[in-house]
Every structure is written in C-alpha cells, then in structure tokens.
Amino acid sequence: MPSASPSPSLLPPGPFPSPRLGALPGPAFGQVPAPVSYADIASRGPKQTPEEAAAPQPPQVIPNESASTASLVDVDMPSVHTVSSEFLEQDVQTQTQADRIEREHSIKEEAKEQTERAKKSSAKKARKADNWLAAQFSQLSDESANALVFANLAAVVGLSGWMGWKAWGLYDKGRLSWQSVGVGAAVLAGVGVFESVIGRGLYRGKSS
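First residue of the sequence shown? That's 5 in the working numbering, and the numbers climb one at a time after it.
Below, the structure is given as structure tokens:
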C-alpha cells in the first residue's frame with residue numbers, strides 16, 4: 005500500500021529551494037543577516053602591493069638657484085652710520101628737524117617784517133594826515149580858530165550830556181545793559197580820538 009503524501013496544509017509557508025539547484029547559502033530561516041563592513045569586503049579582495057599601500061610622498065622642491073646675499077646688510081659699508089651717545093640730548097637730531105626749524109624761523113622773520121612795515125605805513129599816513137590838518141588850521145584866523153575851539157568844546161559837552169541822559173533813562177526803566185554801556189564807551193572813545201586830532205592840528209597850525 006503506497007504511503008500517503010503529507011497534506012499541503014501541513015507544510016510551512018514560504019519559498020522552498022529547488023531540489024535540482026541545491027540549497028542556497030544564506031542565513032537560517034527566520035534569522036537577520038549580519039551587516040558586512042567595507043573592511044571585510046576589502047579583505048576578501050586581492051592584496052595590495054607595498055607601493056600601493058604606502059602613503060603618497062609629498063612634493064619636493066628642487067633648489068636650482070644659489071642663495072643670494074645681496075639683500076644682507078654689510079656693517080662695513082659706508083651707508084651704515086653710527087651716532088654718538090649724546091644723540092638724544094641734542095636740540096636738533098635729524099636733518100628733517102633742522103629743515104623744519106629753519107622754515108619756522110623764516111616764517112617768523114617774514115611775519116615780523118610785515119608787521120614792522122604795516123606799523124611804519126600807518127605812522128606815515130598819520131603824519132601825513134596831521135600835516136594836512138595843520139596846514140588847513142594854519143590858514144584860519146585867530147577868530148575862526150577860537151570859534152572852532154568853542155564849537156568843538158560845545159559839541160563834546162552836548163554829546164556827553166545827551167549820552168548821560170540816555171543812560172539814566174535806560175537805568176530808570178531797568179533796561180540798561182552792559183551792551184549799552186559798551187556802545188556808549190566806544191562812542192566816547194571815538195570822540196576823544198577826534199578831539200585829540202583836532203586839538204593837535206590847531207596847536208600845530210597856530211604855532212607854525
């Protein structure tokens with residue numbers, strides 16, 4: 005009596021290897037294959053030669069020029085100078101400093117000469133004006149000269165009185181300031197200079 009074949013329902017599910025090809029290598033049923041590293045794969049390949057396994061040689065510079073000594077300083081050359089120990093204590097230490105001091109001295113001398121010329125020119129103009137004024141006053145008669153003196157004196161007294169009255173009015177109203185006082189002082193100074201010129205001119209004109 006032939007043996008009964010197993011029921012298909014009793015066979016485990018999954019692919020089965022063909023009996024003609026044989027069993028394929030691999031992990032057992034239900035197991036996860038272990039990971040394979042690159043080193044393991046490389047170790048199974050052909051071996052490298054010592055030249056291939058060695059690290060590459062760094063590039064080398066082949067010297068084809070001799071070292072130049074032209075840029076080196078020769079202490080025996082005349083271009084190298086030495087200074088004395090009192091160099092820092094000198095008033096003038098470098099040629100540039102000496103040139104600058106000479107230029108400053110020239111500028112000061114020129115400014116001084118210009119100031120002297122301006123003073124001489126102003127004095128010359130003042131003497132010329134005094135001479136002209138004295139010549140004009142010398143042509144006046146005694147009566148005219150006396151009348152001019154009295155008129156001049158009256159003008160000074162009148163102007164001084166008017167300015168005093170204005171100053172008192174500003175002070176009484178509380179509006180007198182240092183600016184007003186300065187303006188009044190400047191006016192009186194100008195009048196004084198004018199009176200001095202007139203008086204000197206009259207004296208020189210009548211004395212000549």
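All C-beta atoms, glycine included, are put in the ideal place defined by N, C-alpha and C.
None of these values were measured; they are calculated from a predicted model.
- [ ] Output the distance between the C-alpha atoms of S164 and L192, rounded to the nearest integer angstrom.
- [x] 8 angstroms
### Message
Between the alpha carbons of V187 and D103, how many angstroms are there, rounded?
### Response
49 angstroms
Discussion item. Just to confirm the assignment: which complete beta strand (DSSP E) runs, minimum length 3, are found wholly within the stretch 92–166?
Written reply: none
Worksheet item: Helix, strand or coil: which one does DSSP assign to L180?
Response: Coil.
**Prompt:** What three-state label does DSSP hand K170 in the structure shown?
**Reply:** Helix.
Query raised in the report: Measuring CB to CB, does L180 end up less than 8 angstroms from A190?
Result: no
Among D134, W166 and E106, which residue has its Cα nearest to the Cα of S200?
Here the closest residue by C-alpha is D134.
>> Just to confirm the assignment, what range does the alpha helix (DSSP H) spanning P63 have?
In response: Secondary structure note for P63: it is in no alpha helix (DSSP H), with a DSSP letter that is neither H nor E.
**Study point:** Euclidean distance between Cα positions of E147 and G178
**Key:** 46 angstroms
>> Using CA atoms only, rank isn't needed, just tell me which of R131, A46 and G168 is closest to A57.
In response: The residue among R131, A46 and G168 with its C-alpha nearest the C-alpha of A57 is A46.
*Under a three-way DSSP split, which group does R48 fall into?*
In the displayed model, R48 falls within coil according to three-state DSSP, outside both helix and strand.
Exercise. Under three-state DSSP, which class holds P54?
Worked result: It is helical.
When DSSP labels each residue in this structure, what does S200 get in the three-state scheme?
-> helix
Between which residues of its own chain and A158 is the CB-CB distance below 8 angstroms, once the five residues before and five after are set aside?
Close CB contacts of A158 within its chain, under the 8 angstroms cut and outside five residues either way in sequence, are absent.
For this session: Determine the direct distance from the alpha carbon of Q183 to that of Y175, and round the result to whole angstroms.
Result: 13 angstroms
Assign G205 to buried or exposed, taking buried as 16 or more other Cβ atoms, counted over all protein chains shown, within 10 Å of its Cβ. buried
Rounding to the nearest angstrom, what Cα-Cα distance links S110 and W169 in this structure?
Cα-Cα distance, rounded: 55 angstroms.
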